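Protein chains in written order, with numbering that gives the first Met the number 0: chain A, 0 to 300; chain B, 0 to 480.
C-beta: ideal position from N, C-alpha, C; glycine also.
Remember, predicted model here, so these are calculated numbers, not experimental data.
Report on the structure given below.
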Amino acid sequence: MKVKNLTVCLGLMLFASPAAHASLNIFACEPEWAALAQEIGGNEVKVTSATQAMQDPHYIEARPSLIAGVRKADLVVCTGAQLEIGWLPALLNKANNPAVMPGKNGFFEASAYVQRLDVPKSVDRAQGDVHPQGNPHIQVNPHNIALVAKALAPRMALLDPEQAARYTSSLQDFLQRWDAAMKDWDTRAQPLRGKRAVAYHKSWAYLNAWLGLVELATLEPVPGVPPTATHLSDILAQLEASGGADFIIYAPYQSPKPGQWLADRTKIPLVMLPMTVGASERSGNLFDLFNDILNQLLGVK
Amino acid sequence: MKSTLRWAVLAAVFSAVQVQVAFALDTPASGGEDIQVLRQEIEQMRSEYENRIADLERRLDQAERSAEQSSKQSAEQAQAQPAQAAPIPDEAPYVAEEPQVVYDVPASGGGSAARDNSFNPAIGVTLQGQAWSYGNDPDAYRIPGFPLGGEAGLAPEGLSLAETEISMSANVDDKFTAMVTFPIVFEDGGTSVELEEAWVETLALPAGLALRMGRYFADIGYLNTKHSHAWDFADQPLVYQAFLGGQYIDDGLQLRWLAPTDFYLEFGGEILRGDRYPAGGAGNSGIGSSTLNVKTGGDVGISNSWQVGLSWLQAKSDERASGYEYQPVLFTGDTDIYIADLVWKWAQNGNSRERNFKFQAEYMWRNEDGHYTLLPDFEAPYDENAQGWYAQAIFQPFPRWRVGVRYDSLSGGTSDPDFVGTPLYYLGADPKRYSVMVDWSNSEFSRLRFQYEHDMSGDMDDDQFALQYIFSIGAHGAHNF
Numbered sequence: 000m001k002v003k004n005l006t007v008c009l010g011l012m013l014f015a016s017p018a019a020h021a022s023l024n025i026f027a028c029e030p031e032w033a034a035l036a037q038e039i040g041g042n043e044v045k046v047t048s049a050t051q052a053m054q055d056p057h058y059i060e061a062r063p064s065l066i067a068g069v070r071k072a073d074l075v076v077c078t079g080a081q082l083e084i085g086w087l088p089a090l091l092n093k094a095n096n097p098a099v100m101p102g103k104n105g106f107f108e109a110s111a112y113v114q115r116l117d118v119p120k121s122v123d124r125a126q127g128d129v130h131p132q133g134n135p136h137i138q139v140n141p142h143n144i145a146l147v148a149k150a151l152a153p154r155m156a157l158l159d160p161e162q163a164a165r166y167t168s169s170l171q172d173f174l175q176r177w178d179a180a181m182k183d184w185d186t187r188a189q190p191l192r193g194k195r196a197v198a199y200h201k202s203w204a205y206l207n208a209w210l211g212l213v214e215l216a217t218l219e220p221v222p223g224v225p226p227t228a229t230h231l232s233d234i235l236a237q238l239e240a241s242g243g244a245d246f247i248i249y250a251p252y253q254s255p256k257p258g259q260w261l262a263d264r265t266k267i268p269l270v271m272l273p274m275t276v277g278a279s280e281r282s283g284n285l286f287d288l289f290n291d292i293l294n295q296l297l298g299v300k
Numbered sequence: 000m001k002s003t004l005r006w007a008v009l010a011a012v013f014s015a016v017q018v019q020v021a022f023a024l025d026t027p028a029s030g031g032e033d034i035q036v037l038r039q040e041i042e043q044m045r046s047e048y049e050n051r052i053a054d055l056e057r058r059l060d061q062a063e064r065s066a067e068q069s070s071k072q073s074a075e076q077a078q079a080q081p082a083q084a085a086p087i088p089d090e091a092p093y094v095a096e097e098p099q100v101v102y103d104v105p106a107s108g109g110g111s112a113a114r115d116n117s118f119n120p121a122i123g124v125t126l127q128g129q130a131w132s133y134g135n136d137p138d139a140y141r142i143p144g145f146p147l148g149g150e151a152g153l154a155p156e157g158l159s160l161a162e163t164e165i166s167m168s169a170n171v172d173d174k175f176t177a178m179v180t181f182p183i184v185f186e187d188g189g190t191s192v193e194l195e196e197a198w199v200e201t202l203a204l205p206a207g208l209a210l211r212m213g214r215y216f217a218d219i220g221y222l223n224t225k226h227s228h229a230w231d232f233a234d235q236p237l238v239y240q241a242f243l244g245g246q247y248i249d250d251g252l253q254l255r256w257l258a259p260t261d262f263y264l265e266f267g268g269e270i271l272r273g274d275r276y277p278a279g280g281a282g283n284s285g286i287g288s289s290t291l292n293v294k295t296g297g298d299v300g301i302s303n304s305w306q307v308g309l310s311w312l313q314a315k316s317d318e319r320a321s322g323y324e325y326q327p328v329l330f331t332g333d334t335d336i337y338i339a340d341l342v343w344k345w346a347q348n349g350n351s352r353e354r355n356f357k358f359q360a361e362y363m364w365r366n367e368d369g370h371y372t373l374l375p376d377f378e379a380p381y382d383e384n385a386q387g388w389y390a391q392a393i394f395q396p397f398p399r400w401r402v403g404v405r406y407d408s409l410s411g412g413t414s415d416p417d418f419v420g421t422p423l424y425y426l427g428a429d430p431k432r433y434s435v436m437v438d439w440s441n442s443e444f445s446r447l448r449f450q451y452e453h454d455m456s457g458d459m460d461d462d463q464f465a466l467q468y469i470f471s472i473g474a475h476g477a478h479n480f
């Protein structure tokens, strides 16, 4: 009896776990691509994300668990544009998985499918942690999500031809819902056009382009170097001279302190904007992510 | 279309050269010098035209690609519903930006040069400098019971450069990748270039296997594979100095297998030449040492991650020198070293940027079985065990700043009266050391460090202070866990 129970339990576990019949094992570098792959793949895929919304994707430890994840992956989905340069190469080197090396079908770089902004004419580390291929934070413009989805679904179909029809129909379904949501967001976001923002890091170039926000300054003196007292004083002086800004924006993984310091002195509202899914229960999926971003921005006058 | 263009241009160039040569030949050319000049001119023209053709081809290529790109885009826009399996954008991942990035070179000249160096390896330079202050004479430093070999020992007193390290790496082709590091060091009043690493590794072996060949840091322990710029203190733990001569680097073959498990589990084995401390003399016909290791690790919640490893190094020695340079002791025999290592890292929510903590400890056990040649005509049998360990903790309370503490301990040596007066003789106290450090990093490419050590490993206790800088320019590879 006991043995039989055990067998039944084991059987149930096997069937209950989506991994048991998932045909595609996807390792996403960031939660937004994990969410997108899940939208397209549904139960046919097993998706893990290397990072979480509370982590800065520039600075991730090449942890043993991530090496194990890449080893078993059929498809690695990352932002690219050197966002993960500090840790992804170490994972790929250690994982001994030729199918997901750059240049192979199993390696997908989302930033290759969108028009990248802030591409520097020349790079110098004195400018800070600049990315030669442009600003990598592409996910905060919903149009980019659609472009990446259109490229990702065929890639999944290529790697898993048996489920190709499923991926294609899921993509169409997703895009229909996404287009409808984008129309709604565009309408709601009208009042934000021309608003002035101060951001912690150059994280919002694509959001600014989408919503027509104007970025006056960043709290970091140069990208990747934490805010300093002198730089904050400079921004304070700049804001006082130019008539202020409408919000100070930071991401969940960035320290609120420098922004708070500035907000206290300028009375400009400090807003924490999610950069990816999962930062809070309000941004649990891709749709909620943009709802939450707009709510946060519209909530402040 | 491209090849047609190429032939047309080539034909044009050819006839132009012919005309030019004919014209040149018409003028009275006397002597070998003129012929030489003509040859040079032809050569120059040829290279000029080749450059121009290359340039034309490049522009044609660009035009084709942007046409392809725009047709792709318009197709995308026109088609609300994408094709069943759209083609993968064949490796040009940055196609959209290329006109700005790649084709911004001057139209004349330079074109082919820009193309040649686009395959240059990633080059990085690490600059390190230091200033040490000792109470005792650093040249007389020794650890009783442990004759120092390899690179072990104290850094020079006062201001000095440590290693200036140049590294280059690139994929060889689709199946191999390669890396070279050569530190430029200043030793004994001279400058020399060393070859620290020069290895090639496979990229495409199946079943989770990877093979490395060349010169590399042997895959034992945790710190042995870390470059000095990645250390958390300005010097190596005592146990690394005493047992591995600082770090064990050798020429060999390394095979690693990563198990297809949900958690991290890696096995590795190496055979090495055995020419460097703790091996020596390339015994066993040039396969003097071998290693085995296993590593595993995982996460605890979202904030913690860990890794443990076990490794074994077996090294043959044939008259391996250690101890004082002017009067070394020579060891012939077998060395076995077992190493257990543990690393634990914490960061709130795994966000190491703001605040993080790292604990690291390694334990080594060693047996040396053979004989020491103590004087040119005096050999003494030696079969002794030794052990040592260190533990260190590094805390980053807020961005840029880190503080660290470390404790070192060793025990070993021999009480055999044959060894009285040699560096192997146990003097009755186990060597140990306490270290603290604080460092500041403006970015991940710069670091300034202050370190204090209370050293009880030498003949006399000592207080040691260090200032150190580490700067890195150019390409900088991702760091392992």
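Own chain residues within Cβ distance below 6 Å of residue i, not counting five before or after
{"i": "B:D382", "result": "D368"}
{"i": "B:S445", "result": "F470"}
{"i": "B:P88", "result": "Note on B:P88: pLDDT 43, under 50, position unreliable in the model; no value is reported."}
{"i": "B:Y215", "result": "E196 and W198"}
{"i": "B:H228", "result": "T125 and I469"}
{"i": "A:A204", "result": "L116, D117 and N134"}
{"i": "A:A72", "result": "N24, F26 and V99"}
{"i": "A:M181", "result": "P141"}
{"i": "B:S304", "result": "D298 and K344"}
{"i": "B:D231", "result": "I393 and G403"}
{"i": "A:G223", "result": "G127 and D128"}
Cβ shell of residue i (< 7 Å), same chain only, five flanking positions each side left out
{"i": "A:S202", "result": "H136, A250 and M274"}
{"i": "B:P396", "result": "R354"}
{"i": "B:N479", "result": "none"}
{"i": "B:Q72", "result": "Confidence in B:Q72 is poor, its pLDDT being 48 and thus under 50, which makes the residue's placement too unreliable to answer from."}
{"i": "A:L364", "result": "Because chain A here runs from 0 to 300, residue 364 of chain A falls outside it and cannot be looked at."}
{"i": "B:S191", "result": "V184"}
{"i": "A:F286", "result": "A180"}
Where residue i meets chain A, residues with beta-carbon distance less than 8 Å
{"i": "B:L208", "result": "N95"}
{"i": "B:N348", "result": "Q51, M53, Q54 and Y252"}
Partner residues on chain B for residue i, Cβ-Cβ distance less than 7 Å
{"i": "A:E60", "result": "S304, K344, S351 and F480"}
{"i": "A:M100", "result": "L202"}
Helix, strand or coil at residue i according to DSSP, with G and I counted as helix
{"i": "A:F246", "result": "strand"}
{"i": "B:N441", "result": "coil"}
{"i": "B:H228", "result": "helix"}
{"i": "A:F286", "result": "helix"}
{"i": "B:S288", "result": "strand"}
{"i": "A:H230", "result": "helix"}
{"i": "A:A72", "result": "coil"}
{"i": "B:I301", "result": "coil"}
{"i": "B:L202", "result": "coil"}
{"i": "B:S316", "result": "strand"}
{"i": "B:Y215", "result": "strand"}
Strand pairing of residue i, partner residues [DSSP]
{"i": "B:E452", "result": "B:S434 and B:Q463"}
{"i": "A:M271", "result": "A:Y249"}
{"i": "B:H478", "result": "None, per the DSSP bridge assignment."}
{"i": "A:C77", "result": "A:E108"}
{"i": "B:A257", "result": "Sequence inspection shows Leu at residue 257 of chain B; the Ala mentioned does not correspond to that position. For B:L257, which the question treats as bridged, DSSP gives the partners B:E265."}
Close Cβ partners of residue i (< 8 Å) along its chain, the five nearest in sequence each way excluded
{"i": "B:S284", "result": "none"}
{"i": "B:T26", "result": "Summary for B:T26: the model assigns pLDDT 40, below 50, so the residue's position carries little reliability; its value from the coordinates is reported in the next sentence. Closer than 8 Å at the Cβ level, and outside the excluded window around B:T26, lies no residue."}
Where residue i meets chain B, residues with beta-carbon distance less than 8 Å
{"i": "A:L87", "result": "A477"}
{"i": "A:S64", "result": "F262, Y263, G296, G297, D298 and S304"}
Cross-chain neighbours of residue i in chain A, by beta carbon under 7 Å
{"i": "B:P120", "result": "Simply none; closest approach about 14 Å."}
{"i": "B:N441", "result": "V224"}
Answer yes if the region 183 to 195 of chain A comes into contact with the region 211 to 226 of chain A, meaning at least three C-beta pairs across the two stretches below 8 Å, and no otherwise. yes
If you pair each beta-carbon of the region 265 to 278 of chain B with each one of the region 306 to 316 of chain B, do three or more pairs fall below 8 Å? yes
Is the number of C-beta pairs between the region 131 to 149 of chain B and the region 407 to 414 of chain B that are closer than 8 Å three or more? yes
Below 8 Å, can you find three or more Cβ-Cβ pairs linking the region 203 to 215 of chain B to the region 244 to 259 of chain B? yes
Measuring CB atoms only, is the region 137 to 157 of chain A touching the region 90 to 97 of chain A, in the sense that at least three cross pairs come out at less than 8 Å? no
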